[in-house]
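Numbering (full-length UniProt numbering), first residue to last: 1 to 419.
Backbone N, C-alpha and C fix where the C-beta goes; we use that ideal spot for every residue, glycine too.
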């Protein structure tokens, strides 16, 4: 086992970081937990003068929900002037700056040293990129500046990082080969799941009978791959893909197609949750209602058999009664405040940053399981994945289509490596 051969703390941290980014860390969950427990509880660690090691340690511990303090950065902070920019540039390479940049996105609210670190490292890395555009390190920096690691969907990061890691001179060929095989194997798993859920979609005949709805079944599936890619969560992906498809359909009914009177009837039927209520609905709504009714009862029955508990009391509904397109957050802010589009976008970015800080804090103190916490955070990551370059769920965006191809269909070529 490769972990047994690594004794140096920095080497252990770097190895964990690499296998996480390659997408194979789920095979070594216990080993990673044991190492991080030791590192977290080690009060004699001497990493304080190494920015790269300190930032990497901080990031990995926060990522795994250890409540590590920003005090580890005290030696890089000046009481009067804040972050020791000049000193760090004198003693640290670009690697340390990049590590600090990535660590800064794991901040809680009011952790000003990390806010300052993010501002400084972002500017430094952008300047470095302008002057050193062709190096391998520049590729990593460009990747990080586009979207920080903490905000990236793990499976998408694996597909990107495998290509980056392959170009590194100090790469582990065995590990790289394993990561490629694992990625391709999971692709085959997802393809089989997509076949199953696609058959269900065709059997409902909704796409044929309701021409006004968005046919985004693959996009509905990719949301769940992004939220939880592990093979063991196959049932989760299948069930949630169906749910996403139904949510998209009902969203179109409310936002685009239904009249106010029809929507009131549909809402009342949902609230009654009685199949007899279907008779009061127009034909197209009867199709939606019947499919939704069958799906919910099917999931309730399956969960009752699997767990012995009924999920019926926990089923929630969301009511919307207006027709027409729902105003987006940026449009709302512009209308409410008179701000320009640029100002509105900056305001929304600030709100997103605040929410990420709150999620970071909750992840380190939540009583929920690690799987549930990761799934919840990945939902936020998937929102960025889908909407980063526009509405990738509603519009056939080329960038999103390329990403989906990479995640589901395009196998990574396996080239023989020296073992």
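Relative to the C-alpha of residue i, which candidate in the options has its C-alpha closest?
i, options, result
"residue 182", "198, 199 and 159", "159"
"residue 426", "370, 221, 57 and 248", "Since the first residue of the chain shown is 1 and the last is 419, residue 426 is not available in this structure."
"residue 64", "96, 53, 29 and 77", "29"
"residue 18", "110, 299, 149 and 4", "149"
"residue 353", "42, 105, 13 and 55", "105"
"residue 194", "209, 208 and 221", "221"
"residue 259", "284, 270, 272 and 49", "284"
"residue 357", "290, 111, 405 and 244", "111"
"residue 282", "242, 350 and 210", "210"
"residue 27", "99, 271, 14 and 175", "175"
"residue 135", "293, 167 and 55", "167"
"residue 249", "207, 224 and 274", "207"
"residue 32", "21, 8 and 3", "3"
"residue 187", "415, 231 and 145", "231"
"residue 400", "37, 74 and 226", "226"
"residue 290", "275, 299 and 303", "275"
"residue 388", "349, 377 and 5", "349"
"residue 154", "378, 410 and 397", "378"
"residue 413", "122, 123 and 185", "185"
"residue 128", "141, 117 and 339", "141"
"residue 411", "332, 190, 277 and 215", "190"
"residue 386", "368, 267 and 219", "219"
"residue 370", "62, 38, 42 and 14", "62"
"residue 292", "304, 271 and 305", "271"
"residue 409", "145, 156, 37 and 118", "156"
"residue 145", "278, 123 and 37", "123"
"residue 192", "215, 42, 234 and 302", "234"
Am I right that residue i and residue j are in contact with their C-beta atoms under 8 Å? What's the rounded C-beta distance?
i, j, result
"residue 67", "residue 364", "4 Å"
"residue 407", "residue 147", "Contact flag wrong, Cβ pair sits at about 16 Å."
"residue 228", "residue 236", "6 Å"
"residue 360", "residue 120", "Actually they do not touch by this definition, with Cβ atoms about 20 Å apart."
"residue 200", "residue 242", "6 Å"
"residue 238", "residue 197", "6 Å"
"residue 280", "residue 265", "6 Å"
"residue 273", "residue 244", "Actually they are not in contact, since the Cβ atoms of residue 273 and residue 244 sit about 21 Å apart, beyond 8 Å."
"residue 75", "residue 49", "6 Å"
"residue 334", "residue 344", "5 Å"
According to the Cβ coordinates, are residue i and residue j closer than 8 Å?
i, j, result
"residue 240", "residue 295", "no"
"residue 94", "residue 53", "no"
"residue 152", "residue 403", "no"
"residue 143", "residue 162", "no"
"residue 100", "residue 139", "no"
"residue 23", "residue 269", "no"
"residue 103", "residue 55", "yes"
"residue 366", "residue 373", "yes"
"residue 97", "residue 60", "no"
"residue 310", "residue 300", "yes"
"residue 252", "residue 213", "yes"
"residue 35", "residue 20", "no"
"residue 330", "residue 341", "yes"
"residue 73", "residue 16", "no"
Heavy atom of the ligand ADP less than 7 Å from the Cβ of residue i, yes or no?
i, result
"residue 21", "The ligand ADP is absent from the structure shown, which contains no ligands of any kind."
Using a beta-carbon distance below 8 Å, is residue i in contact with chain B?
i, result
"residue 68", "Absent from the structure is chain B; it holds one protein chain and no more."
* Length at least 4, wholly inside the region 349-388: the alpha helix (DSSP H) runs in chain order -> 370-387
* Every unbroken alpha helix (DSSP H) inside the region 108-188 [4 residues or more] -> 112-131, 136-146 and 154-166
* To do: Output the residue ranges of the alpha helix (DSSP H) runs that lie fully inside the region 191-246 and measure 4 residues or longer, sorted by chain position.
  => 206-209 and 217-227
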